[in-house]
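Residue numbers (this note's numbering): 10 to 337. Glycine included, every Cβ here is placed at the ideal spot set by N, Cα and C. Contents: one structure, followed by commentary.
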């Protein structure tokens, strides 16, 4: 018997707003993470992000009486939970490693495979449909991505060695993230978004503990320690908003909305570099890249907000409703 697929609540405005909250936090993440990586290895930073988010979220759910009830999960639910935990843990670990090998904007260029894979996964696994208008928007989005990251991708192809390794690491990280997101969307049939994230934070914190160096934080400056706290809060807010967005909106639409995160990364680096020279990494963008940014945003909005086609499952449901006899 086929598994019943998760259906979004239909509150698309809330899903859209939550997607933008997630994108804003992910846009700021590479800049702060790159500054922390000057004094701490990537896996240890990842462990602090996961453990910190767990420590913050656990008492909140306990006070609300909303701790995960794992005993009610069936075998399929356990498999999905394990896939979500392993996928995001892999994404976090490899993203941190890849960030050590490249710049924040290059990392964002390569990690953009993740929302694209999520969009395709939503179409394939959840039988979501794009209208012609949305397919045009998706094509425009891909064109904007190519133009926006043209300089970064050119630099990528001009380099060798560790930089290519970093690219491979980022692409595997993207696949792990997409697997997590798709597994989580289906899990929303049985668990609340916050319950799923608590399990993922706990899994990652325990999995990384044997290979990290928590004591490294004692050798960091006060600013760097403060950045660690901000990264924990960033993780909690970003993934809380993203997982809640999946409950209310199609995965393919959420993926389009969160794809604006790289624009925020570059904006933060440019304004941050102007206000505090040397504090954050800075990179320049060509006029063609700026045009690509505008095209990217337009494509994202067309894909996310365009009226979609009715899925086969919805067609069957509507046909069944039409066949029901009218009440006397």
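Between the CA atoms of residue 279 and residue 84 - distance to the nearest angstrom
When rounded, the distance between both Cα atoms is 49 Å.
Report yes if the CB atom of residue 306 is closer than 8 Å to the CB atom of residue 272, and no otherwise.
With contacts defined by Cβ atoms closer than 8 Å, residue 306 and residue 272 form a contacting pair.
Is the beta carbon of residue 312 closer than 8 Å to that of residue 150?
Cβ distance < 8 Å, so residue 150 and residue 312 count as in contact.
Would you mind stating whether residue 182 and residue 52 have Cβ atoms separated by less than 8 Å?
It is not a contact, given that the beta carbons lie outside the stated cut-off.
Coarse secondary structure for residue 111, derived from DSSP in three states
Note: residue 111 maps to coil in three-state DSSP.
Residue 253 and residue 187 closer than 8 Å at C-beta:
Remark: C-beta atoms of residue 253 and residue 187 do not approach each other more closely than 8 Å.
Going by CA-CA distance only, name the one from 31, 202 and 70 that's closest to residue 90.
With distances taken between CA atoms, residue 90 lies nearest to 202 out of 31, 202 and 70.
Specify the secondary structure class of residue 244 as computed by DSSP and reduced to three states.
If DSSP states are grouped into helix, strand and coil, residue 244 belongs with the helices.
So, for residue 121: in the same chain, excluding its five sequence neighbours on each side, which residues have a beta-carbon less than 7 Å away from its beta-carbon?
For residue 121, where only same-chain residues beyond five positions count, the Cβ hits under 7 Å are 154, 268 and 271.
So, at 6 Å on beta carbons, what are the nonlocal neighbours of residue 144 in its own chain, with the 5 sequence-adjacent residues on each side left out?
Non-local C-beta neighbours of residue 144 in its own chain, meaning closer than 6 Å and more than five positions away in sequence, are absent.
Taking the continuous alpha helix (DSSP H) assigned at residue 262, which residues delimit it?
Residue range 260-267 is occupied by the alpha helix (DSSP H) that includes residue 262.
Which residues bound the alpha helix (DSSP H) around residue 55?
From DSSP, the alpha helix (DSSP H) with residue 55 extends over 51-73.
In its own chain, which residues sit with a C-beta less than 6 Å from the C-beta of residue 308, not counting the 5 before and 5 after it?
Taking residue 308 as the centre and dropping the five residues before and after it, the same chain places the C-beta of 146, 149, 150 and 153 closer than 6 Å to its C-beta, in chain order.
Which term fits residue 194, buried or exposed, when burial requires 16 or more other beta carbons within 10 angstroms of its beta carbon?
The residue is buried, with at least 16 neighbouring Cβ atoms inside 10 Å.
Whether or not the stretch 250-265 and the stretch 19-29 are in contact is what I'm after, with contact meaning three or more pairs of Cβ atoms, one per stretch, closer than 8 Å; do they touch?
The stretch 19-29 is in contact with the stretch 250-265.
Pop quiz: residue 221 and residue 56 are said to be a contact at Cβ under 8 Å. What is the actual Cβ separation, rounded to whole angstroms?
That pair is a contact at about 4 Å.
Apart from the five residues just before and just after residue 10, which ones in its own chain have a Cβ nearer than 8 Å to its Cβ?
Here residue 10 scores only 44 on pLDDT, less than 50, and its place in the model should not be relied on; the value that follows carries that caveat. So no residue of the chain qualifies.
Could one say the Cβ of residue 123 lies closer than 8 Å to chain B's Cβ atoms, at least one of them?
This model lacks chain B altogether, as it is built from one protein chain only.
Can you tell me whether DSSP reads residue 201 as helix, strand or coil?
Of the three classes helix, strand and coil, the one that applies to residue 201 here is coil, per DSSP.
Within this structure, are the beta carbons of residue 130 and residue 191 separated by less than 8 Å?
Their beta carbons are under 8 Å apart, which means residue 130 touches residue 191 by this criterion.
C-alpha distance - residue 218 paired with residue 71, whole-angstrom precision
Taken atom to atom, the span from the alpha-carbon of residue 218 to that of residue 71 is near 24 Å.
Could you tell me the distance, in whole angstroms, from the CA atom of residue 34 to the CA atom of residue 141?
Straight-line Cα distance between these residues: approximately 31 Å.
Between the CA atoms of residue 242 and residue 310 - distance to the nearest angstrom
So the alpha carbons of these two residues sit roughly 27 Å apart.
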